[in-house]
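In the numbering used here, the protein residues as written are 294 to 548.
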């Protein structure tokens, strides 16, 4: 199973004490840690009501959104969850998935404040994951938004097992692969269907420009600067089917 976690107000819930301990554990220089911990508490807020700002107050936890340093500090917090998962995997309590037969086990993937974990679709595996999340919450202050968290199962998982695991985790089961940063979370064997949105975006762009009279040179510029730029990012991450590439070329040729 794969569980896509959604952290509730991730930046606002970071415990400063946890962040400091994580930096010490990761071997940061004490002078650097002192500088960081002096910067974090300097934030102040005020509530604006009816265009009037109230009194200023200082928070006791959380890191400021929009601050250039905040994403890096949050990555250090996320390392705490990663360490808990790796420890459980080292003790052979948590099993990940393999992309190939001889490849390493992948137990989790992190990007910014998003996380997806992999494990056995059993009550034991779900219970272990829930305990890890509770421990991470107790230490860091991070809370999982279970209403937005989803779990995906393989086709080999039985209906009853899916129901028990979903109920134990308190999350909804989904067959929809969804998307992340414009790309599908899961591709599977039907790659052409997974990337159907590329064709749709091609057609939408052409429809938006079809009412404008473009010269031959204008069309060439449009194709190179707009249409051919659409699949650039997906092609950097996935190997697109030849049939899909052929369909995209036909759309361009027809235009």
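Ideal Cβ placement from N, Cα and C applies to all residues, glycine included.
Please read all numbers here as calculations on a predicted model, not as lab measurements.
Name the residue from the options whose alpha carbon lies nearest to the alpha carbon of residue i.
i, options, result
"residue 354", "435, 494, 400, 345", "435"
"residue 300", "386, 407, 415, 485", "407"
"residue 381", "325, 422, 396", "422"
"residue 442", "525, 431, 459, 373", "459"
"residue 520", "487, 348, 501", "501"
"residue 509", "490, 492, 545", "545"
"residue 365", "343, 329, 393", "329"
"residue 303", "534, 485, 437, 503", "437"
Might you give, ordered along the chain, the residues of its own chain that have their beta carbon closer than 8 Å to the beta carbon of residue i, omitting 5 neighbours on each side?
i, result
"residue 370", "307, 311, 312, 315, 433, 435"
"residue 494", "523"
"residue 392", "399"
My output table needs one value for residue i: the three-state DSSP class, helix, strand or coil.
i, result
"residue 366", "helix"
"residue 322", "coil"
"residue 435", "coil"
"residue 301", "strand"
"residue 532", "coil"
"residue 388", "coil"
"residue 445", "strand"
"residue 358", "coil"
"residue 394", "coil"
"residue 348", "coil"
"residue 544", "helix"
"residue 520", "helix"
"residue 476", "strand"
"residue 375", "helix"
"residue 295", "strand"
"residue 410", "strand"
"residue 467", "coil"
"residue 488", "coil"
Please report the straight-line C-alpha distance between residue i and residue j, rounded to a whole angstrom.
i, j, result
"residue 417", "residue 390", "16 Å"
"residue 340", "residue 305", "16 Å"
"residue 317", "residue 536", "52 Å"
"residue 425", "residue 527", "33 Å"
"residue 320", "residue 334", "22 Å"
"residue 327", "residue 428", "26 Å"
"residue 496", "residue 405", "32 Å"
"residue 513", "residue 525", "17 Å"
"residue 452", "residue 468", "12 Å"
"residue 373", "residue 401", "13 Å"
"residue 384", "residue 449", "26 Å"
"residue 491", "residue 533", "11 Å"
"residue 375", "residue 368", "10 Å"
"residue 461", "residue 414", "11 Å"
Tell me which residues share the same chain as residue i and place their Cβ nearer than 7 Å to its Cβ, disregarding the 5 neighbours each side in the sequence.
i, result
"residue 325", "none"
"residue 465", "443, 459"
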